[in-house]
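Take the sequence shown: its position 248, counted from the start at 1, is 248 in the UniProt record's numbering, and no numbers get skipped.
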Amino acid sequence: MSWFHLVRVKVNWTALLILAHFTYLLIGAIIFQMLEREAESNNRNHFQLEKLNFLTNYTCLDGPALEKFVQVILYAWEKGVNPSGNSTNPSNWDFSSSFFFAGTVVTTIGYGNLSPSTMSGQVFCVFYALCGIPLNLAFLKQLGKCLTIHLGRLERGMVAVVPHKRAVEALAVSLFFITGSLLFLIIPPLLFSYVEGWTFGEGFYFAFITLSTIGFGDYVVGTDPGKDYISLYRSLAGIWIIFALAWLALILNMGTRIMENLVILTDPGFKKHDEEDKEVSSSKLEVTSKI
Numbered sequence: 001m002s003w004f005h006l007v008r009v010k011v012n013w014t015a016l017l018i019l020a021h022f023t024y025l026l027i028g029a030i031i032f033q034m035l036e037r038e039a040e041s042n043n044r045n046h047f048q049l050e051k052l053n054f055l056t057n058y059t060c061l062d063g064p065a066l067e068k069f070v071q072v073i074l075y076a077w078e079k080g081v082n083p084s085g086n087s088t089n090p091s092n093w094d095f096s097s098s099f100f101f102a103g104t105v106v107t108t109i110g111y112g113n114l115s116p117s118t119m120s121g122q123v124f125c126v127f128y129a130l131c132g133i134p135l136n137l138a139f140l141k142q143l144g145k146c147l148t149i150h151l152g153r154l155e156r157g158m159v160a161v162v163p164h165k166r167a168v169e170a171l172a173v174s175l176f177f178i179t180g181s182l183l184f185l186i187i188p189p190l191l192f193s194y195v196e197g198w199t200f201g202e203g204f205y206f207a208f209i210t211l212s213t214i215g216f217g218d219y220v221v222g223t224d225p226g227k228d229y230i231s232l233y234r235s236l237a238g239i240w241i242i243f244a245l246a247w248l249a250l251i252l253n254m255g256t257r258i259m260e261n262l263v264i265l266t267d268p269g270f271k272k273h274d275e276e277d278k279e280v281s282s283s284k285l286e287v288t289s290k291i
């Protein structure tokens with residue numbers, strides 16, 4: 001009877017997660033379509049109108065010639081060359097930019113605005129990612145452990161002030177979250193907004209899209225040819241990404257534990273079933289090892 005109850009609980013939770021996941025995707029697709037489709041249509045119409053005006057003002061050009069020039073611009077953009085400005089634009093492959101690119105590879109952000117164009121660079125990028133992504137994950141895991149140790153020390157230091165353990169844990173986590181948010185999600189967007197000329201909303205959007213490893217590539221630091229950046233600007237941005245990812249991973253792990261505790265509160269038998277399942281799995285491993 002308990003085995004059937006265990007199967008029923010697992011199937012229910014699995015079905016619920018599948019339903020919630022795809023429902024979330026469907027809602028997101030509908031909302032994004034409502035918000036962005038009209039703007040895309042307006043931008044397309046505006047671009048076509050600008051092309052017609054350009055052909056009207058410069059009669060020496062015809063439609064096919066202009067389309068060919070547009071293709072050249074798109075090709076240059078895809079290869080990481082900013083079409084605006086001139087040949088004196090800073091290189092995308094100086095040390096600072098290369099360091100930033102290497103960081104986007106191993107963290108799987110991949111903005112898409114810059115990529116290797118040579119065969120040797122592409123082959124190296126593949127093997128570099130194969131070795132670098134596991135190394136980065138191990139580094140982030142270890143960094144997360146260090147942050148957890150510091151969080152534990154903070155909790156032990158606060159126990160002397162607040163004797164209630166639950167209150168201390170909640171206070172320490174809140175302090176850890178607020179401090180990390182200031183260091184990684186509030187102050188950096190302010191700096192990016194100042195240097196890049198973005199609004200704070202755009203800077204915050206870039207920070208979140210980067211740290212969530214979504215990396216659309218619509219906003220990338222250090223790519224404006226009209227600005228003079230310090231040589232280490234993009235390298236410092238890469239270092240910010242690494243440490244912020246470790247902090248965010250720890251926050252997400254805390255969120256996962258909170259969700260698990262909520263599940264246990266709503267279904268007290270879930271923890272018992274989970275422990276029984278782990279015992280069954282461990283016993284199977286023991287039997288297999290003996291064989």
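The beta carbon of each residue, even a glycine, is placed where N, CA and C say it ideally should be.
To the nearest angstrom, report how far apart L61 and Q48 are at their CA atoms.
Locating residue 61 in the sequence shown gives position 61, where the first residue counts as 1. Locating residue 48 in the sequence shown gives position 48, where the first residue counts as 1. About 16 Å.
Does the Cβ-Cβ distance between I133 and T108 come in under 8 Å?
Taking the first residue of the sequence shown as 1, we reach residue 133 at position 133. Taking the first residue of the sequence shown as 1, we reach residue 108 at position 108. Taking 8 Å as the Cβ cut-off, I133 and T108 qualify as a contacting pair.
For L250, count the other beta carbons within 10 Å of its own beta carbon; 16 or more makes it buried, fewer makes it exposed. Which is it?
Numbered from 1 along the sequence shown, position 250 holds the residue referred to as residue 250. Buried: at least 16 other Cβ atoms inside 10 Å.
With distances taken between CB atoms, is the gap from L190 to F200 smaller than 8 Å?
For the purposes of this step, residue 190 is identified with residue 190 of the sequence shown, where counting begins at 1. For the purposes of this step, residue 200 is identified with residue 200 of the sequence shown, where counting begins at 1. It is a contact, given that the beta carbons lie within the stated cut-off.
Taking the Cβ atom as the reference point for each residue, do Y233 and G226 lie within a distance shorter than 8 Å?
The residue labelled residue 233 in the question sits at position 233 within the sequence shown. The residue labelled residue 226 in the question sits at position 226 within the sequence shown. Cβ distance not < 8 Å, so Y233 and G226 don't count as in contact.
Secondary structure at V126, three-state DSSP: helix, strand or coil?
Mapped onto the sequence shown, residue 126 falls at position 126. Reduced to three states, the DSSP call for V126 is helix.
C-alpha gap between I209 and Y219, whole angstroms
Here residue 209 is taken as the residue at index 209 of the sequence shown, counted from 1. Here residue 219 is taken as the residue at index 219 of the sequence shown, counted from 1. One C-alpha to the other measures close to 9 Å.
From what residue to what residue does the alpha helix (DSSP H) around Y205 run?
Translated into the one-based positions of the sequence shown, residue 205 becomes position 205. Where Y205 is concerned, the enclosing alpha helix (DSSP H) stretches over 200-211.
C-alpha distance - L143 paired with H150, whole-angstrom precision:
For the purposes of this step, residue 143 is taken as residue 143 along the sequence shown, with counting starting at 1. For the purposes of this step, residue 150 is taken as residue 150 along the sequence shown, with counting starting at 1. Those two C-alpha atoms are separated by around 11 Å.
For residue 339, which of helix, strand or coil comes out of DSSP?
An answer regarding residue 339 cannot be provided, because it is not within the stretch 1 to 291 covered by the chain.
State yes or no: is the C-beta of L135 within less than 8 Å of the C-beta of V106?
Here residue 135 corresponds to residue number 135 of the sequence shown, with the count starting at 1. Here residue 106 corresponds to residue number 106 of the sequence shown, with the count starting at 1. The answer is yes: Cβ separation under 8 Å.
With a 10 Å radius around its C-beta and 16 neighbouring C-beta atoms as the bar for buried, classify F22 as buried or exposed.
On the sequence shown, position 22 is the one that residue 22 refers to. With fewer than 16 other Cβ atoms within 10 Å, it is exposed.
At what residue ranges does the UniProt domain "Potassium channel" (181-260) contain a whole run of the alpha helix (DSSP H), taking only runs of 4 or more?
187-196, 200-211
Roughly how many angstroms separate the alpha carbons of P188 and L55, rounded to a whole number?
Here the question's residue 188 lines up with position 188 in the sequence shown. Here the question's residue 55 lines up with position 55 in the sequence shown. The alpha-carbon atoms of P188 and L55 are separated by roughly 44 Å.
Which same chain residues, not among the five before or five after G152, have their C-beta less than 7 Å away from its C-beta?
For this step, residue 152 is matched to residue 152 along the sequence shown. For G152, where only same-chain residues beyond five positions count, there are no Cβ hits under 7 Å.
When you compare the CB positions of G238 and F99, do they come within less than 8 Å of one another, or not?
Reading the sequence shown from its first residue, position 238 is the one you call residue 238. Reading the sequence shown from its first residue, position 99 is the one you call residue 99. Yes.
For V173, which option in N43, F127, M254 has the closest C-alpha, if you only look at C-alpha atoms?
As a position in the sequence shown, residue 173 is number 173, starting the count at 1. Minimum Cα distance to V173 is reached at M254.
Could you work out which residue in A138, Y24, A102 is closest to G121 when comparing CA atoms only?
Mapped onto the sequence shown, residue 121 falls at position 121. Taking only the C-alpha atoms, the option nearest G121 is A102.
Output the distance between the C-alpha atoms of A39 and H46, rounded to the nearest integer angstrom.
The count along the sequence shown starts at 1 and reaches residue 39 at position 39. The count along the sequence shown starts at 1 and reaches residue 46 at position 46. Their Cα atoms are separated by approximately 10 Å.
Which of helix, strand or coil does DSSP assign to Y111?
For this step, residue 111 is matched to residue 111 along the sequence shown. Of the three classes helix, strand and coil, the one that applies to Y111 here is coil, per DSSP.
Determine the direct distance from the alpha carbon of N53 to that of residue 303, and round the result to whole angstroms.
Residue 303 is absent from the model: the chain starts at 1 and stops at 291.
Starting from T104, trace the alpha helix (DSSP H) both ways and give me its first and last residue.
What you label residue 104 is simply residue 104 of the sequence shown in a count that begins at 1. Residues 95-106.
Buried/exposed call for E196, threshold 16 Cβ in 10 Å
If you number the sequence shown from 1, residue 196 lands on position 196. Classification of E196: buried, given that the 10 Å Cβ count is 16 or more.
Do L252 and I211 come within 8 Å of each other at the CB atom, strictly closer than that value?
Locating residue 211 in the sequence shown gives position 211, where the first residue counts as 1. Locating residue 252 in the sequence shown gives position 252, where the first residue counts as 1. According to the sequence as given, residue 211 is Leu; it is not Ile. No, the Cβ-Cβ distance between L211 and L252 is not below 8 Å.
Please report the Cβ distance between S91 and S235, rounded to the nearest whole angstrom; I am assuming they are in contact, meaning their Cβ atoms lie under 8 Å.
Position 91 of the sequence shown, counting from 1, holds the residue named residue 91. Position 235 of the sequence shown, counting from 1, holds the residue named residue 235. Actually they are not in contact, since the Cβ atoms of S91 and S235 sit about 14 Å apart, beyond 8 Å.
Residues near L17 by beta carbon distance below 7 Å, same chain, minus five either side:
Here residue 17 is taken as the residue at index 17 of the sequence shown, counted from 1. Closer than 7 Å at Cβ, skipping near neighbours: no residue.
CA nearest to the CA of A207, picked from L248, D228, I73, R156:
On the sequence shown, position 207 is the one that residue 207 refers to. Cα-wise, what sits closest to A207 is L248.
Best match in R257, I241, L114, F176 for proximity to D94 [C-alpha to C-alpha]
In the sequence shown, residue 94 corresponds to position 94, counting from 1. Here the closest residue by C-alpha is L114.
Just to confirm, is the Cβ distance from G203 to F192 under 8 Å?
Position 203 of the sequence shown, counting from 1, holds the residue named residue 203. Position 192 of the sequence shown, counting from 1, holds the residue named residue 192. Yes; because the gap between Cβ atoms is below 8 Å, this pair is in contact.
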